[in-house]
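S.K.: Protein chains in written order, with the numbering used here: chain L, 1 to 89; chain U, 90 to 1021; chain S, 1022 to 1151. Glycine residues also receive a C-beta, built at the ideal position from the N, C-alpha and C atoms. Structure in structure tokens, see below.
Right under this line is the structure:
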């Protein structure tokens, strides 16, 4: 049962990923796109964790942790760029 | 070992004058003289052995597989030259201390001088052709520095440049020639090369090799037609001329000919080329020396003529002529050095070198005049002086040759003619300067120089006399040993006696002297004759040539490099296309037949996202910010795919690098226009560019497919097998980085550190326009800080550090390592910069990034050097397991320390780049914001 | 690990957690696409997706802990991290959006809020000018 559930959840996450991408392409404003990118990072974490469960490999958790950290940093940097232009001032 | 000291002492001596720059001039002189004096003492201590016709050798292996060794030899020939180089060098050091004025920088002069001396010793003592060549090149460079010592003077700069251009060009030819010799013989060791004379002479490449080596030797020794640089090098300070242009630098070319004499000489090509060059130089130098008004110019042309004489002797190729050549090398060095020094004294005490103004100096400086006259008579070849002996031998040899076939009788005639002019210009030197009326328009009254300034001249002139009167006692042993080294123990019987009875050579000498007196007394007619010709200024011609080539080079490079990055990219991609396309044709069929992996929907979906975002990046490329967003999606997807295909190290690295470069790009984008301006040629170029991109993409794609679908046996299986046993780690990637390819990594972090320092330097005084509004005209937000962000960012720093420590520590056995950990730490700190700004962070986080880089590289180097302690090669890694109570089994590896070096360098370099790029605007921010 | 050897109740619990997570992630993404303006769209992923991700991570933690004999703390760290950072990201994005004065969907209550805050902010800024 669990394998089936895993596949279903993976499918859901993939659909979510594509929807994010649609928003990223569609815009219309830059904050929208940043939001889409941020969500894309979140969904990538979900994807990588689920994939790790599916393939039964623990190697992916570092990657998930790093995506969480780096996604945050890049979102903040992008927002700062919109607000102030100069991200390190 | 003693040989090593002889060669290295002058090299260490380079530092001595620099360290003495605060001391008195006298102290500097004596301290500088110490190293060559000790080296000379060491040489003399070995002389006994060498004079027994033995060869001393010393070899220090460096790259045995390439036959690059630091190999030295001391045979008779080397001993002769080492004594000349060190002995005359010492005298010149003493002389220069009086010659240089208060304004001249003494340490700089002595440092260049010692460098030259060390290089010259390297040339004469080298036992390896490549070592010889490297030393040869250093002599060119250091002589450039010495000739241009008075760099304020235009002619000094031009003369130095000309000397460097000519001798360095010859040096390149020489390198080619030496490499060819190495190719023929299969070794660069002189010992081996000298054994294979017949092999080289009969090789099809012999003529080419000979020409290349002769090019090197002739440019260095200023032989016709490369003679023109020597007179212009006379703008050097006189001690330099006395050293470089009498005893050492120009003799290096002669030395090379003598050194390679056993392998190159004795063929028709050798006879014809060498004798022709020598004969032309001999006559040309002697003739033009007479017409020089400059004292040093006269000596320079006379040097040319004597060098030509030596080369001519070498070309004759009989054993006796070789002995005569070696003898004349000694004699010329002695009398020419003393003459240059005397000329320097005259210049120093009168302020002029023009022989039309210098007259009747005998009254003012009789002592110096006597010394100079003895040396000049020696140059003219007057009996009882050393010049007479070797000139006599020269005349004798010209009678015993057949180098010009049936026209060989011309050689002694021309030699006598050169002798005539030689006597004439020597007379001019004596009569014009010391007699012939009163000096005209001198700026100061001439007088005798200081006591010790004359000492070197006295010693040299004394040697002229001693060698001239007691030749057997003075030079026989060393001449024997040197000849034995050159002729490989087939020394002919020769006599150094002063009196050989009435014979042809004596007659030639007498004719030369009588003719010389005649020519000198009747010189007005000759001067008038010579005056008809328009003087060709070699320097101007040469400068014109140089300027022309610079202009041509500029035109060419402007055509090639028009500063358009698009164009460079286009050219590079086209080149790639050609190279790849041609080699791909051999890959047929495309698929290698390996079974393909099954496709799962997750990978498919991620691939789809990757492709779509890549296309989007290109489509929106004019809106830079947007394409940056799409680019980061691409990066994310690539790292997910890395993770998917079991390359966790790559995935982690890609993730972190991605974010750091996005931040870097945003920092740069701030200063750039919001949108890429539309290019007029864009529609036309669009077609071309997309065609190239598509074709290249198809090529790379099919290449990847072809490669991945083939059963491919790479070296990775070796690393897989050895990683745990030899490197002590399970993570093969990390073990490769810190152990198997540790040397590469060391180089890379060094380059990274240098790049960071370079960026720092470039940004240091950069002033950039800071836009006050974004691309749509909105002013930037007034409020700088967000309290929420500040608090959270501070909280995240320890978390990021924790993660990086974790990633660092597990790196040897699991995905991770110093590089990724360093980048994570950097990202954590950059977050603080973003949240708080530079001015807030600076007093609170005192990290010296330059120090971090330096300590990182140092730690990595020291780890590598540590293995030398246990007699292992550089960077051998070490690991062991310890059992600690409570903690359990702990593995310690030296690779960990190395990784720490990598970590520190990465953190320091990344932050140095980003923080400095961010700091660019801090300087011109309005004041009120600083107050917040 | 064999997914079929787990006790039934655990399997049901895990399935529920994962499904719930997947559902919320999907809902967040649908919200991101469907909602009318930026400020409403901001809510969907930052709240729903984060919760969904939390559920997935919890499920993964339990699963790995049970099957590998030992508590897996990675997921806890990631969850903690996400729950700390997600609101800050949302805050920053909202500030950027306010700065850009993005359009607000009709019917938003406190519609003048955006203008209000801007006015107040400018007032505060000008009072700080020297």
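Considering only DSSP beta bridges, list what residue 712/U is partnered with.
M.R.: On the second chain, residue 712/U is found 623 positions in, with the first residue counted as 1. Per DSSP, 764/U.
S.K.: Could you tell me whether the region 689-708 of chain U touches the region 811-830 of chain U, using the rule of 3 or more Cβ pairs below 8 angstroms?
M.R.: no
S.K.: Can you check whether the C-beta of residue 12/L is within less than 7 angstroms of a C-beta belonging to chain U?
M.R.: Taking the first chain and counting its residues from 1, the one referred to as residue 12/L is at position 12. Chain U, which has no Cβ nearer than 7 angstroms to the Cβ of residue 12/L, makes this no.
S.K.: From the DSSP output, in three-state form, read off residue 856/U for me.
M.R.: The residue given as residue 856/U occupies position 767 in the second chain. Coil, per DSSP.
S.K.: Do residue 575/U and residue 938/U have their CB atoms nearer than 7 angstroms?
M.R.: To locate residue 575/U, count along the second chain from 1; it is residue 486. To locate residue 938/U, count along the second chain from 1; it is residue 849. Contact: no.
S.K.: Spell out a yes or no on whether the region 455-466 of chain U and the region 562-570 of chain U are touching, meaning 3 or more CB-CB pairs, one atom from each, closer than 8 angstroms.
M.R.: no
S.K.: Could you compute how far the alpha carbon of residue 712/U sits from the alpha carbon of residue 765/U?
M.R.: Here residue 712/U corresponds to residue number 623 of the second chain, with the count starting at 1. Here residue 765/U corresponds to residue number 676 of the second chain, with the count starting at 1. Those two C-alpha atoms are separated by around 7 angstroms.
S.K.: Among 229/U, 709/U, 126/U, 410/U, which residue has its Cα nearest to the Cα of residue 489/U?
M.R.: Walking along the second chain from the start, residue 489/U turns up at place 400. Between residue 489/U and the set 229/U, 709/U, 126/U, 410/U, the nearest pair of CA atoms involves 410/U.
S.K.: Between residue 1092/S and chain U, is there a C-beta pair that is closer than 7 angstroms?
M.R.: Walking along the third chain from the start, residue 1092/S turns up at place 71. No, residue 1092/S lies away from the interface with chain U (no Cβ there is under 7 angstroms from its Cβ).
S.K.: Does the beta carbon of residue 724/U sit closer than 7 angstroms to a beta carbon anywhere in chain L?
M.R.: As a first step, residue 724/U must be located in the second chain, where it is residue number 635. False, the Cβ-Cβ gap to chain L never drops below 7 angstroms.
S.K.: Between 348/U, 183/U, 862/U, which lies nearest to residue 540/U when the distance is taken from Cα to Cα?
M.R.: Counting from 1 along the second chain, the entry for residue 540/U is found at position 451. Of the listed residues, the one whose Cα sits closest to residue 540/U is 183/U.
S.K.: Is residue 789/U buried or exposed, if buried means 16 or more other CB atoms sit within 10 Å of its CB?
M.R.: Here residue 789/U refers to the residue found at position 700 of the second chain. The residue is exposed, with fewer than 16 neighbouring Cβ atoms inside 10 Å.
S.K.: Starting from residue 869/U, trace the alpha helix (DSSP H) in both directions and tell me its first and last residue.
M.R.: Along the second chain, one-based indexing puts residue 869/U at 780. Segment: none, residue 869/U is in no alpha helix (DSSP H) and carries neither H nor E.
S.K.: Between 260/U, 147/U, 189/U, which has its C-alpha nearest residue 217/U's C-alpha?
M.R.: As a first step, residue 217/U is located in the second chain; it is residue number 128 there, counting from the start. Of the candidates 260/U, 147/U, 189/U, the one whose C-alpha sits nearest the C-alpha of residue 217/U is 147/U.
S.K.: Quick check: what's the CA-CA separation for residue 223/U versus residue 612/U?
M.R.: For this step, residue 223/U is matched to residue 134 along the second chain. For this step, residue 612/U is matched to residue 523 along the second chain. Looking at the two C-alpha atoms, the distance is approximately 46 angstroms.
S.K.: Between the Cα of residue 783/U and those of 704/U, 727/U, 799/U, 724/U, spot the shortest distance and give me the residue it belongs to.
M.R.: Counting from one through the second chain, the residue named residue 783/U turns up at place 694. Answer by Cα proximity: 704/U.
S.K.: Please tell me whether residue 10/L and residue 50/L are closer than 7 angstroms, where the distance is taken between their beta carbons.
M.R.: Counted from its first residue, the first chain places residue 10/L at position 10. Counted from its first residue, the first chain places residue 50/L at position 50. Yes, these two residues count as a Cβ contact at 7 angstroms.
S.K.: At the 7 angstroms Cβ level, is residue 1112/S part of the contact set with chain U, yes or no?
M.R.: Within the third chain, numbered from 1, the residue matching residue 1112/S stands at position 91. Chain U contact via Cβ: present.
S.K.: Based on the DSSP output, what are the partners of residue 795/U in its beta bridges?
M.R.: For the purposes of this step, residue 795/U is taken as residue 706 along the second chain, with counting starting at 1. DSSP, once it has assigned bridges, lists no residue as partnering residue 795/U.
S.K.: Going along the region 33-51 of chain L in order, which residues come within less than 9 angstroms of chain U, judged by CB to CB distance?
M.R.: 33, 34, 36, 37, 40, 41, 44, 47, 48, 50, 51
S.K.: Just verifying my parser: in three-state terms, what is the DSSP assignment at residue 160/U?
M.R.: As a working note, residue 160/U is residue 71 in the second chain. Correct three-state label for residue 160/U: strand.
S.K.: Which same chain residues, not among the five before or five after residue 1019/U, have their C-beta less than 8 angstroms away from its C-beta?
M.R.: Stepping through the second chain from its first residue, residue 1019/U is reached at position 930. Note that residue 1019/U scores a pLDDT of 41, beneath 50, so its modelled location is shaky; the value from the coordinates is reported in the next line. Cβ within range, chain order: 928.
S.K.: Name, please, each residue of chain L whose Cβ falls closer than 7 angstroms to the Cβ of residue 1075/S.
M.R.: Taking the first residue of the third chain as 1, we reach residue 1075/S at position 54. Simply none; closest approach about 10 angstroms.
S.K.: Return the first residue and the last residue of the beta strand (DSSP E) that residue 145/U is part of.
M.R.: The residue you call residue 145/U lines up with position 56 of the second chain. 145-152 is the extent of the beta strand (DSSP E) around residue 145/U.
S.K.: Between the C-alpha atoms of residue 706/U and residue 668/U, what's the straight-line distance to the nearest angstrom?
M.R.: In the second chain, residue 706/U corresponds to position 617, counting from 1. In the second chain, residue 668/U corresponds to position 579, counting from 1. Taking the straight line from one Cα to the other gives about 28 angstroms.
S.K.: Rounded to the nearest angstrom, what separates residue 442/U and residue 356/U at their Cα positions?
M.R.: As a first step, residue 442/U must be located in the second chain, where it is residue number 353. As a first step, residue 356/U must be located in the second chain, where it is residue number 267. Approximately 44 angstroms between the Cα atoms of the pair.
S.K.: Would you report the Cα separation of residue 141/U and residue 345/U, rounded to the nearest angstrom?
M.R.: As a working mapping, residue 141/U is identified with position 52 in the second chain. As a working mapping, residue 345/U is identified with position 256 in the second chain. Whole-angstrom Cα-Cα distance: 23 angstroms.
S.K.: Smallest Cα separation from residue 421/U: which of 553/U, 435/U, 534/U, 485/U?
M.R.: By 1-based counting over the second chain, the position of residue 421/U is 332. The shortest C-alpha separation from residue 421/U is found at 553/U.
S.K.: Report the residues of the region 1040-1071 of chain S with a CB closer than 9 angstroms to any CB of chain U, ordered along the chain.
M.R.: none
S.K.: Please list, in chain order, the chain U residues whose beta carbon lies closer than 9 angstroms to that of residue 1105/S.
M.R.: To locate residue 1105/S, count along the third chain from 1; it is residue 84. In chain order: 881, 884, 885, 888.
S.K.: Establish whether the CB of residue 929/U and some CB of chain L are separated by less than 7 angstroms.
M.R.: As a first step, residue 929/U must be located in the second chain, where it is residue number 840. So no, residue 929/U is outside the interface.
S.K.: Just the chain S side, please: which residues come within less than 8 angstroms of residue 68/L by C-beta, in chain order?
M.R.: Locating residue 68/L in the first chain gives position 68, where the first residue counts as 1. Per Cβ cutoff of 8 angstroms: 1099, 1102, 1103, 1106.
S.K.: Classify residue 969/U as helix, strand or coil using the three-state DSSP reduction.
M.R.: Here residue 969/U refers to the residue found at position 880 when the second chain is read from its first residue. In the structure shown, residue 969/U sits in a strand (DSSP, three-state: E or B).
S.K.: Based on the DSSP secondary-structure assignment, which residues constitute the bridge partners of residue 278/U?
M.R.: Taking the first residue of the second chain as 1, we reach residue 278/U at position 189. Its beta-bridge partners are 217/U.
S.K.: Could you tell me how far apart the beta carbons of residue 451/U and residue 523/U are, in whole angstroms, since I believe they sit closer than 8 angstroms?
M.R.: Along the second chain, read from residue 1 onward, the residue named residue 451/U stands at position 362. Along the second chain, read from residue 1 onward, the residue named residue 523/U stands at position 434. Residue 451/U to residue 523/U, Cβ: 4 angstroms. Contact.
S.K.: For residue 954/U, list the residues DSSP reports as bridge partners.
M.R.: Stepping through the second chain from its first residue, residue 954/U is reached at position 865. Answer by DSSP bridge pairing: none, since residue 954/U is not bridged.
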